[in-house]
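Enquirer: Take a look at this one; I'll ask things after.
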Amino acid sequence: MGLDMYACSVDKEDHPVKPDQELPESTYFWRKHTKLHQFMNDYYFQLVEDGEIKEPENAAEDKPFGTFNCVPLYLPMETIRELDELVRNEELPESDGGFFWGHQWQDETAADNKQQDIAFCKWAMNETDKGNYIYYSCWF
Numbered sequence: 788m789g790l791d792m793y794a795c796s797v798d799k800e801d802h803p804v805k806p807d808q809e810l811p812e813s814t815y816f817w818r819k820h821t822k823l824h825q826f827m828n829d830y831y832f833q834l835v836e837d838g839e840i841k842e843p844e845n846a847a848e849d850k851p852f853g854t855f856n857c858v859p860l861y862l863p864m865e866t867i868r869e870l871d872e873l874v875r876n877e878e879l880p881e882s883d884g885g886f887f888w889g890h891q892w893q894d895e896t897a898a899d900n901k902q903q904d905i906a907f908c909k910w911a912m913n914e915t916d917k918g919n920y921i922y923y924s925c926w927f
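Residue 788 is where the sequence shown starts when you use this note's numbering, and the numbers rise one by one after that.
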């Protein structure tokens with residue numbers, strides 16, 4: 788139990804990924820990195836609020852542990868750059884956590900994952916420059 792997080796790259800034939808579409812094998816994986824997930828969660832719900840993502844009307848019933856669970860989230864270049872800056876400056880947002888997410892150790896987890904997060908951002912920017920699309924997903 789906990790928070791498993793994934794990121795992958797897809798080419799233009801597979802973009803955009805549909806909400807119920809399975810993502811290809813992940814290039815990056817994190818476990819219980821609650822601050823990183825909080826960033827993604829905040830970004831997702833900002834897109835919902837802005838009307839760029841429409842949640843199904845019964846989303847809360849279908850996903851009782853949260854509507855942003857097992858949902859592919861496209862990360863454009865500007866979002867990747869923002870994430871990179873937050874990681875480098877150790878300013879990822881605090882998380883209230885979730886059931887068995889390890890949020891009690893989120894500062895330590897963020898510090899432990901900092902180099903991987905920077906490598907992810909660099910990889911994601913390179914993939915985007917090649918014309919590919921970066922997706923994040925999680926399972927909890």
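Positions of the beta carbon are idealized from the N, C-alpha and C atoms, including for glycine.
This structure is a prediction, so every number in the text was calculated from the model and none was measured.
Could you name the residues that DSSP lists as bridge partners for F816?
Expert: DSSP lists Y793 as partners of F816.
Enquirer: What alpha helix (DSSP H) runs, 4 residues minimum, are completely inside the stretch 831–902?
Expert: Segments of the alpha helix (DSSP H) lying fully in the stretch 831–902: 846–849, 864–875.
Enquirer: Is the beta carbon of V835 less than 9 Å from the beta carbon of Y922?
Expert: It is not a contact, given that the beta carbons lie outside the stated cut-off.
Enquirer: For my contact list, M792 and L823 are in at a C-beta cut-off of 8 Å; report their separation, rounded to the angstrom.
Expert: The pair is a contact, with the Cβ atoms about 7 Å apart (cut-off 8 Å).
Enquirer: In angstroms, rounded to a whole number, what distance separates the CA positions of C857 and E809?
Expert: Going by the C-alpha atoms only, they are around 9 Å apart.
Enquirer: Expressed to the nearest angstrom, what Euclidean distance is found between the alpha-carbon atoms of F826 and K917?
Expert: So the alpha carbons of these two residues sit roughly 25 Å apart.
Enquirer: Measuring alpha carbon to alpha carbon, tell me which of A897, H802, L790 ends up nearest E928.
Expert: This structure does not reach residue 928, given that the chain is present from 788 up to 927, and the question cannot be answered.
Enquirer: Determine the direct distance from the alpha carbon of K901 to that of R875, and round the result to whole angstroms.
Expert: Cα-Cα distance, rounded: 8 Å.
Enquirer: Among L790, T814, D798, I840, which residue has its Cα nearest to the Cα of W910?
Expert: Comparing Cα-Cα distances from W910 to each of L790, T814, D798, I840, the minimum goes to T814.
Enquirer: With a 10 Å radius around its C-beta and 16 neighbouring C-beta atoms as the bar for buried, classify N828 as buried or exposed.
Expert: Under this definition N828 is a buried residue.
Enquirer: Give every residue of the same chain whose Cβ lies closer than 8 Å to the Cβ of Y831, excluding the five residues on either side of it in the sequence, and list them in chain order.
Expert: If we look at Y831 and ignore the five residues flanking it on each side, its Cβ neighbours are I840, F855, V858, L860.
Enquirer: Using the C-alpha atoms, what's the distance from G889 back to D738?
Expert: Limits of the chain in this structure are 788 at one end and 927 at the other, which puts residue 738 out of reach.
Enquirer: Can you tell me the Cα-Cα spacing of E872 and Q891, whole angstroms?
Expert: C-alpha separation (whole angstroms): 24 Å.
Enquirer: Rounded to whole angstroms, what's the CA-CA distance from L862 to Y920? Just pull it up for me.
Expert: Approximately 7 Å, taken between the alpha carbons.
Enquirer: Suppose you measure from the CA of D801 to the CA of D837; what does that come to, to the nearest Å?
Expert: Spanning the two alpha carbons is a distance of roughly 24 Å.
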